[in-house]
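Take a look at the structure set out below.
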Amino acid sequence: MVKIALDPTPFHHTHKLLEFPKLAADLGYKYLQMTPHADFIPFFNHARADDALVKELKKACKDVGVEIASTLPVLRISSPDPDAREAAVRNFKRVIQITRELGVNTIGTEFSGRPEKAEESERAFYRSMEELLPIIEKEGINLFIDPHPDDFVEDGMQAWRVIRGLNSKHVGMVYVASHTFHMGNNALEIMRTVGSRIGITHISDTMDHKRSHGLRYITNPPGNAIRVHQHLKLGDGDVNWDEFFGGLKEIGYLDNPNAIMCSSVFAENEKNVETAVFQREAIEKYIAKFG
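To convert, note that position 269 of the sequence shown is 295 in this note's numbering; the numbers rise steadily by one, no gaps.
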């Protein structure tokens with residue numbers, strides 16, 4: 027069955043890095059997804075973890091029977107700025123080392139380019155992957171990429187075409203449910219097209235920002251180049267969860283023991299414990315419903 031993982035981001039203000047494994051176990055999770063953290067792999071910068079800390083984290087997981095399902099760096103590998111891109115590639119190489127030292131073979135990430143410089147960002151992405159892909163393949167890493175809102179590619183089908191262009195079975199796609207309405211609101215088409223190359227899904231809800239003639243969210247002045255989405259509890263937004271889980275069942279995702287389904291609610295830190303338990307139970311119910 028699919029791995030159900032906890033994104034510990036809502037607990038960054040209440041727990042330390044090495045407390046995350048026991049926290050996950052206490053909340054009923056068997057897996058963690060290691061998203062950006064100031065003491066581990068921060069946003070956009072070099073990893074802060076040395077080998078000693080990586081060993082401590084690995085031991086903390088073993089002590090409570092929790093596994094790390096994946097690491098999730100966010101680095102500017104598609105930046106049109108040459109210095110930023112080159113630094114991101116160097117930083118990503120260290121992430122690969124850390125991932126392997128943890129005994130993990132899965133990395134999730136974002137394209138991390140700029141929508142106003144889409145062509146330049148795409149060129150930067152392929153340039154970075156020319157250097158990273160041989161290492162990824164040699165190390166036996168599976169890399170999955172999320173077309174995040176405010177990236178050079180946001181549409182789900184377009185993102186798959188960019189990924190497919192790498193011509194490597196080691197690279198696939200992250201489907202973030204709360205990005206559904208930026209990706210084209212066509213979950214089944216994306217799932218059926220990408221199929222087994224979807225390796226990570228993030229479970230959080232969001233409102234459809236395009237409803238009410240685009241006036242659900244109003245920013246001033248009109249025409250601001252902003253992206254609006256939330257990471258809400260499952261059921262608190264407009265994502266069609268029957269379609270989502272039904273589509274994943276159709277492509278074999280729910281029965282794949284290597285697939286990762288991560289709870290990623292960021293809107294309710296004040297209720298982080300209750301929300302994490304709710305998310306796990308809701309995910310389990312949907313899996314049972316379609317299993």
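Cβ atoms here follow ideal geometry from the backbone N, Cα and C, with glycine treated the same way.
With a threshold of 16 other beta carbon atoms within 10 Å, A114 meets it and is buried. By the criterion of a C-beta distance shorter than 8 Å, E310 is surrounded in its chain by I30, once the five residues flanking it on both sides are discounted. D76 and L128 have their alpha carbons spaced roughly 12 Å apart. Counting along the chain, V115 sits inside the alpha helix (DSSP H) bounded by residues 108-127. One alpha carbon belongs to V299, the other to I313, and they sit about 21 Å apart. Taken in chain order, the complete alpha helix (DSSP H) segments of 4 or more residues contained in the segment 71-110 are 77-90.
Shown here, A31 sits in a strand according to DSSP, grouped into three states. Taking K236 as reference, the option from R153, H205, E215 with the minimal CA-CA separation is H205.
Taking 7 Å as the cut-off, the Cβ atoms of S230 and H208 do not count as close. Closest option to P36, judged by alpha-carbon separation, among G317, S147, S289: S289. A straight line joining the alpha-carbon of I161 with that of P248 spans about 45 Å. Around the Cβ of S238, a 10 Å sphere holds fewer than 16 other Cβ atoms; the residue is exposed. Scanning the segment 182-261 for uninterrupted beta strand (DSSP E) segments of 3 residues or longer gives 197-202, 224-229, listed from N- to C-terminal end. For the 7 Å CB-CB criterion, G54 and S96 do not form a contact. Collapsing the DSSP output to three states places Y55 in coil. Rounded to whole angstroms, the Cβ separation of F46 and L58 is 6 Å, and the two are in contact under 8 Å. Counting other Cβ atoms within 10 Å of its Cβ, T125 reaches 16 or more and is therefore classed as buried. Its Cα nearest to that of G198, the residue T227 stands out among D176, F178, T227. When C-alpha distances from K88 are compared across F178, R153, A51, the shortest belongs to A51.
For I133, no alpha helix (DSSP H) encloses it; the enclosing beta strand (DSSP E) starts and ends at 132-136. The C-alpha of V254 lies about 38 Å from the C-alpha of V90.
Inclusion of S104 and A150 in the CB contact set at 7 Å is warranted, their separation being smaller than that value. A direct Cα-to-Cα measurement between L274 and L280 gives close to 6 Å.
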